[in-house]
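Peer 1: Please find one structure pasted underneath; my questions will follow.
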Amino acid sequence: MCRSPGGKLKNRLSVLTAIFALFAAGGCSASAEIRLPRILSDHAVLQRGAPIHVWGWSSPEAHLTARFHQQTVQARADTLGKWSLYLAPEEAGGPFTLTLSGDGTDRMIGDLLVGDVWFASGQSNMEMPLNGFPPAAVVKNAAAEIAAASNSRLRLLLVEHKSSDYPLNDITTSWTECTPDTAATFSAAAYFFGREIAAKENVPIGLIDSTWGGTPADSWVSLDTLGTHPELLPALASRARFADSQVDLDLTVATEKREDEAAKAQGKPAPQHPWHPSETSWSPTALYNGMIAPFTPMTIKGFLWYQGETNSAHDRAPVYDTLFAGLIGDWRIHFQQGNLPFLYVQISSFYSPGEDWGLVREQQRRVLSVANTAMAVSLDVGLADNVHPPDKQTVGARLALAARGMVYGESVRYTGPLYRRATSELLSNGTTAMRVWFDHAEGLNSHGQPTGDFELAGEDHHFLPAESRIDGNTIVVSSNSLPHPRFVRYGWNSVVTHSLYNSAGLPASTFSSEPSPIH
Numbered sequence: 000m001c002r003s004p005g006g007k008l009k010n011r012l013s014v015l016t017a018i019f020a021l022f023a024a025g026g027c028s029a030s031a032e033i034r035l036p037r038i039l040s041d042h043a044v045l046q047r048g049a050p051i052h053v054w055g056w057s058s059p060e061a062h063l064t065a066r067f068h069q070q071t072v073q074a075r076a077d078t079l080g081k082w083s084l085y086l087a088p089e090e091a092g093g094p095f096t097l098t099l100s101g102d103g104t105d106r107m108i109g110d111l112l113v114g115d116v117w118f119a120s121g122q123s124n125m126e127m128p129l130n131g132f133p134p135a136a137v138v139k140n141a142a143a144e145i146a147a148a149s150n151s152r153l154r155l156l157l158v159e160h161k162s163s164d165y166p167l168n169d170i171t172t173s174w175t176e177c178t179p180d181t182a183a184t185f186s187a188a189a190y191f192f193g194r195e196i197a198a199k200e201n202v203p204i205g206l207i208d209s210t211w212g213g214t215p216a217d218s219w220v221s222l223d224t225l226g227t228h229p230e231l232l233p234a235l236a237s238r239a240r241f242a243d244s245q246v247d248l249d250l251t252v253a254t255e256k257r258e259d260e261a262a263k264a265q266g267k268p269a270p271q272h273p274w275h276p277s278e279t280s281w282s283p284t285a286l287y288n289g290m291i292a293p294f295t296p297m298t299i300k301g302f303l304w305y306q307g308e309t310n311s312a313h314d315r316a317p318v319y320d321t322l323f324a325g326l327i328g329d330w331r332i333h334f335q336q337g338n339l340p341f342l343y344v345q346i347s348s349f350y351s352p353g354e355d356w357g358l359v360r361e362q363q364r365r366v367l368s369v370a371n372t373a374m375a376v377s378l379d380v381g382l383a384d385n386v387h388p389p390d391k392q393t394v395g396a397r398l399a400l401a402a403r404g405m406v407y408g409e410s411v412r413y414t415g416p417l418y419r420r421a422t423s424e425l426l427s428n429g430t431t432a433m434r435v436w437f438d439h440a441e442g443l444n445s446h447g448q449p450t451g452d453f454e455l456a457g458e459d460h461h462f463l464p465a466e467s468r469i470d471g472n473t474i475v476v477s478s479n480s481l482p483h484p485r486f487v488r489y490g491w492n493s494v495v496t497h498s499l500y501n502s503a504g505l506p507a508s509t510f511s512s513e514p515s516p517i518h
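Residue numbers (numbering that gives the first Met the number 0): 0 to 518.
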């Protein structure tokens, strides 16, 4: 029962007044509330092998007790009602129940598994769900994949699109079991990754899909990083120029709508219009605030990332390596769990002559210098006429290979040939060739097809197509038109038609031997 904090009450009215006042102030056990973020809901996966962070809100200064598996941990809320506690590391298993008690109130979440939690983010190629973006983009064998998607080892958390001017502390969605219905709308690349890791490692896997198509990397970086790293200013400058170009966006969209309606009225196909950004999703830091910040208190295994297409414009591509490396460091700082594994997909082939896809791919390759990162190359699964390749199974499998080798310590080869250096050598005809040396190139081959997509340049950095041939685990590149080459590059066009592989069947990455390629 709730009692008045004052002295003897004179009449019944004053008693009721005191009671109502205490209820309104949250001072009674009957009005106490224990609230968990939706990130910690029924069906969630909690990270194994590391302290498990549990946090939430309650009555100010409430004393709380958490019970999980065989653990009992206590905490006390601060004056705002915020509380936080850590459970000792647990081995994979479940299902378990987490119960929180305090001030006469209990809060319970159930069907919890302990396993590995992977956080997937990026733009539309990571967002693309198993049921695709019909009719233009579909996932290979989508119907069969969805029908077979019931998986007791997988749990899914699909995050709603949300931008914000300041970091949020919660989301609007909750964890679900993996069923055909829930998997159909979930990231295909992340799903295929998680399915393979769950099977290979024999542990529950929690997948978080926090993605938004058509978004640039700087929308996913916190203001802490954008505001304190001068080397990122060029990225913001390019955003300013882009923003200026969108001044008449509302008028443009209205005009396009009228054109669509006119075509429909005449029974004609809708005309093609250029892509336009979402007004809110393009704001710098907005997606970090709305879709990353709420998760930073959570204990996780690592990150999956597939993005870069929107940063391929001529003024944005040259600084993508700095921006991307800054994003990786930014997330690691805010999650406060050391150098969490960061696995990412190099953007694929797609006909986009007005942009620098080759340069973005090269910038992504160079970010491998950041500790505890791995890259899945996807050049060979791209389509010239569709920015959303249907073969997300291969993408997920290559990400899973990277996790198995780099994170889980399996003895598997997970990297295709990666450029190491280029040396010059004189040919019998008096011209100079360049020999390209690779790491991870054992069994270098081109699947029986001619090699190609190599270019040479002199000191002027003007590249010309060149001849190429495999010589052991190296490539020899030459051109009669350029007898004294200085630089060599591969896979620089937006569409790459010739792939190189190692004996593990993994493709080579785009590369340039230039110290700082800018075009």
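C-beta atoms are modelled at their ideal positions from N, C-alpha and C, and glycine is treated no differently.
All of these numbers come straight from a predicted model, not from anything done at the bench.
In whole angstroms, what is the alpha-carbon distance linking GLN73 and PRO59?
Peer 2: Cα-Cα distance, rounded: 15 Å.
Peer 1: Which whole-angstrom value is the C-beta distance of VAL359 and TYR319, which I expect to be below 8 Å?
Peer 2: At roughly 5 Å, the Cβ-Cβ gap stays under 8 Å, so VAL359 and TYR319 are in contact.
Peer 1: Taking only three categories from DSSP, how would you classify ASN288?
Peer 2: ASN288 falls in the helix class under three-state DSSP.
Peer 1: From the DSSP output, which residues share a beta bridge with ARG434?
Peer 2: According to DSSP, which records beta bridges pairwise, ARG434 is partnered with THR422 and VAL475.
Peer 1: For SER467, count neighbouring C-beta atoms within 10 Å of its own C-beta (all shown protein chains included) and say buried if the count is 16 or more, exposed if not.
Peer 2: Under this definition SER467 is a buried residue.
Peer 1: Near GLY395, which residues of its chain fall below 6 Å by C-beta distance, leaving aside the five closest residues on each side in sequence?
Peer 2: Once the five neighbours on either side are set aside, the close Cβ partners of GLY395 are ALA188, PHE191 and PHE192.
Peer 1: Mapping the DSSP letters down to three states, classify SER120 as helix, strand or coil.
Peer 2: Note: SER120 maps to strand in three-state DSSP.
Peer 1: Give me the Cβ distance between ASN472 and PHE510, rounded to the nearest whole Å; I'm assuming they're in contact under 8 Å.
Peer 2: No, ASN472 and PHE510 are not in contact; Cβ-Cβ is about 15 Å, not under 8 Å.
Peer 1: Below 7 Å CB to CB, which residues in the same chain sit around SER163 once its five sequence neighbours on both sides are set aside?
Peer 2: Hits under 7 Å: ALA285, ASN288 and GLY289.
Peer 1: Under three-state DSSP, which class holds MET107?
Peer 2: Of the three classes helix, strand and coil, the one that applies to MET107 here is strand, per DSSP.
Peer 1: Tell me whether HIS52 is buried or exposed, calling it buried when 16 or more other Cβ atoms sit within 10 Å of its Cβ.
Peer 2: Result: buried.
Peer 1: Between ASP355 and HIS313, which are expected to be in contact by the criterion C-beta below 8 Å, what is the C-beta distance as a whole number of angstroms?
Peer 2: Indeed, because the Cβ distance is near 6 Å, the residues count as touching under 8 Å.
Peer 1: Going along the chain, which residues of its own chain have a beta-carbon closer than 7 Å to the beta-carbon of SER347, five neighbours each way excluded?
Peer 2: So the qualifying residues of the chain are SER377, LEU378, VAL380, GLY381 and PRO388.
Peer 1: For a quick check, are the C-beta atoms of GLY415 and LEU342 less than 9 Å apart?
Peer 2: Going by C-beta atoms, GLY415 is not nearer than 9 Å to LEU342.
Peer 1: Taking Cβ to Cβ, would you say ALA440 is nearer than 9 Å to SER512?
Peer 2: Not a contact, by the Cβ cut-off of 9 Å.
Peer 1: Tell me whether LEU157 sits in a helix, a strand or coil according to DSSP, three-state version.
Peer 2: If DSSP states are grouped into helix, strand and coil, LEU157 belongs with the strands.
Peer 1: Provide the residue span of the beta strand (DSSP E) that contains ILE469, from first to last.
Peer 2: Taken as a continuous stretch (DSSP letters only), the beta strand (DSSP E) holding ILE469 covers 466-470.
Peer 1: How many whole angstroms separate the CB atoms of GLN363 and MET374, which I take to be in contact at a CB cut-off of 8 Å?
Peer 2: About 6 Å; that satisfies the 8 Å criterion.
Peer 1: Can you grab the Cα-Cα spacing for the pair SER502 / ARG434, in whole Å?
Peer 2: In a straight line, the C-alpha of SER502 is about 20 Å away from that of ARG434.
Peer 1: I'd like to confirm the pairing. Which residues does DSSP put opposite TRP593 in its beta bridges?
Peer 2: For residue 593 there is no data in the structure shown, the boundaries of the chain being 0 and 518.
Peer 1: Report the start-end ranges of each alpha helix (DSSP H) in the stretch 287-349 that is 4 residues or longer and not cut off at the edges.
Peer 2: Complete alpha helix (DSSP H) runs here, min 4: 319-334.
Peer 1: Per DSSP, which one or two residues make a beta bridge with SER100?
Peer 2: Looking at the DSSP assignment, SER100 forms a beta bridge with THR64 and ASP105.
Peer 1: What first and last residue would you give for the beta strand (DSSP E) that runs through ASP550?
Peer 2: Residue 550 lies beyond the range of the chain shown here (0 to 518); nothing can be said about it.
Peer 1: In the DSSP assignment, find the alpha helix (DSSP H) that holds PHE192 and state where it starts and stops.
Peer 2: Where PHE192 is concerned, the enclosing alpha helix (DSSP H) stretches over 187-200.
Peer 1: Taking the beta strand (DSSP E) that LEU45 belongs to, which residues open and close that run?
Peer 2: Segment 44-46, the beta strand (DSSP E) holding LEU45.
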